[in-house]
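In the numbering used here, the protein residues as written are 221 to 883. Taking it in order: structure first as structure tokens, then the write-up.
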Ligand code: WTA
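Next comes the structure, spelled out in structure tokens:
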């Protein structure tokens, strides 16, 4: 990305299918319409505008009088505080009452040809039953429920059942290890865990229950584990604690009334990585989050009632929460649950899925696009894909090659390509083109969403950078409905990480450029977070995992550019003097260290390279100089800059030699 000459990138016109296939975009037909709507959404009468949006978009059990209160500095943000609103009712009941046979979920199983549509009526019954099961285990408003499930339609029901009774779900990505799962269960003190016997992915079995059992050895608070029978293979069982989902469901009524919940009651916790080791439980509340999810689905994705929304993200990440579950269902459209991988059984799987279900929307991460592009056009060429109106990307900067590949081979220059930027903390999309209204530029997330005002700050002075052609840290200036409210049971940490670095602003952790046309280009994280295939990882977390290995003295982890995964994890490790290390079996030790990271965090955090070195570059005060390792790996070992603070100058050549030997 750093090589792009932003100002030289031409504006890309609004695609024909977007305009011809549907009426004028909801926001209006052009840039002026966007500018007018945006000005209204942030101007003097912004609160009036938001009130109208909230009333139009959601069903309120009790009306609100106040639109917003609180500030970043005071850490007391609230939206629609007198309002009562149930997220599950908004996502399920109101559509089931209108038309119970309308498809809510399209479940595309791991094996092609095995798919099933679940109607809103059926979803309401499943959600009601599960909500009643949770209640029968003593779960109610304010309790937390950990969900550790494969990509099944029942996992969506799990989200909604919690929301129905006011319990907060904490969904843990099924790729996390037992240890990570245990940490997350214990942090939010869940008494009930929802899981499955096994998962399937790319023709392989994932032993979800066995992983959960191992985690639960360390979770004394857990009283009940509700297990979905998914593959039907035998699994370990703890009598008294473990219950089959279908058996429990058969005991309770098929209808459960939605709880009366305040707009500011908690909806969910989602753990995410930050600069420091321990993952943070980001907490969202009901009314504001749901409004952000629903409105972005409408305006950013131009969703119409008969659309079929294909979000390929995992349910365990914020994109799965907002754009697989809450956003599409709050708009009453069909949403896809995709259990497989882009390459199973062949690299045509996405395209076949789109054609089978006539998906109108396809939402994925650049990593998948880069992989499929590399595997060749022949796989996509055979597909029809004419149902697609909008193709969107999220999670990492999309390189122009990937953008053009999507546009040429998937959208066939007829569909809109939308690069959307958001974070676990922002809840819903905050920067993005509005298809049909905003001309795009390949690689740019373009403009702020309605209600958002942003600034680029000079990182050292904290001053706002004015005008075009500037680069700084990306912050947001006013509160918006779907911003998270806190870190679970650690409000001070919430303030420390997001509100205190630049007082008066919300700090994203990303750097960005504003080009000559005022378009925004995300450059990537400015903190110690690395983004591997759109997965957020903290360098500190991986270092802590490595240090737990008995022979490791020190570890330094950096993110290096990678053609396929965006960034990749590179780890430098020194060993304890007393460790009995056999240099002729370096590869054996590296394998063990890789296993160590997989065991402590999960397979998706696997380091691409581990370098065993005799020393790490440090300042005289003992601070590890990661900058040096970053430059050496980037092939810029001759541009290391000022090395005068380095305690042991000889270490630079140790690093250089090792990297050269292993590349
Ligand atoms: C990155 C994922 C560039 C960014 C939705 C952010 C992006 C982090 C984009 C949040 C994009 C997300 N272009 N970078 N369109 N979207 N990011 O919380 O670094 O898992 O801070 O949410 O992903 O990751 P998270």
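For each residue, glycine too, the CB sits at the ideal point set by N, CA and C.
On the CB-based measure, 16 or more other CB atoms within 10 Å of its CB, does residue i come out buried or exposed?
i	result
residue 458	exposed
residue 258	buried
residue 403	buried
residue 244	exposed
residue 784	exposed
residue 666	buried
residue 882	exposed
residue 374	buried
residue 222	Note that residue 222 scores 48 on pLDDT, short of 50, meaning its location in the model is unreliable and no value can be drawn from it.
residue 834	exposed
residue 791	buried
residue 396	buried
residue 485	buried
residue 432	buried
residue 655	buried
residue 617	buried
residue 864	exposed
residue 808	exposed
residue 686	exposed
residue 549	buried
residue 340	buried
residue 313	buried
residue 570	buried
residue 384	buried
For residue i, I'd like the list of residues in its chain whose CB is within less than 8 Å of its CB, leaving aside the five on either flank, ordered along the chain.
i	result
residue 491	390, 392, 404, 407, 499, 500, 501 and 502
residue 572	332 and 603
residue 267	287 and 288
residue 594	784
For residue i and residue j, what's the separation of their Cα atoms in angstroms?
i	j	result
residue 363	residue 294	26 Å
residue 504	residue 856	42 Å
residue 582	residue 873	47 Å
residue 480	residue 421	38 Å
residue 628	residue 543	24 Å
residue 256	residue 772	58 Å
residue 411	residue 254	47 Å
residue 757	residue 718	17 Å
residue 273	residue 610	23 Å
residue 812	residue 317	55 Å
residue 451	residue 282	43 Å
residue 369	residue 469	17 Å
residue 394	residue 867	43 Å
residue 377	residue 315	15 Å
residue 877	residue 777	18 Å
residue 794	residue 761	17 Å
residue 326	residue 335	7 Å
residue 382	residue 345	14 Å
residue 850	residue 612	31 Å
residue 816	residue 832	15 Å
Identify, in the order they occur along the chain, each residue of the same chain with its Cβ nearer than 7 Å to the Cβ of residue i, setting aside the five sequence neighbours on each side.
i	result
residue 885	Residue 885 cannot be examined here, being either before or after the span of the chain that is shown, 221 to 883.
residue 662	229, 232, 620, 623 and 624
residue 516	547, 648, 649 and 669
residue 566	599
Any heavy atom of the ligand WTA closer than 7 Å to the Cβ of residue i?
i	result
residue 621	no
residue 616	yes
residue 729	yes
residue 639	yes
residue 744	yes
residue 644	yes
residue 338	no
residue 751	yes
residue 539	yes
residue 492	yes
residue 665	yes
residue 756	yes
Leaving out five residues before and five after residue i in sequence, what residues of the same chain have Cβ atoms less than 6 Å from its Cβ?
i	result
residue 387	359, 363 and 365
residue 871	835 and 837
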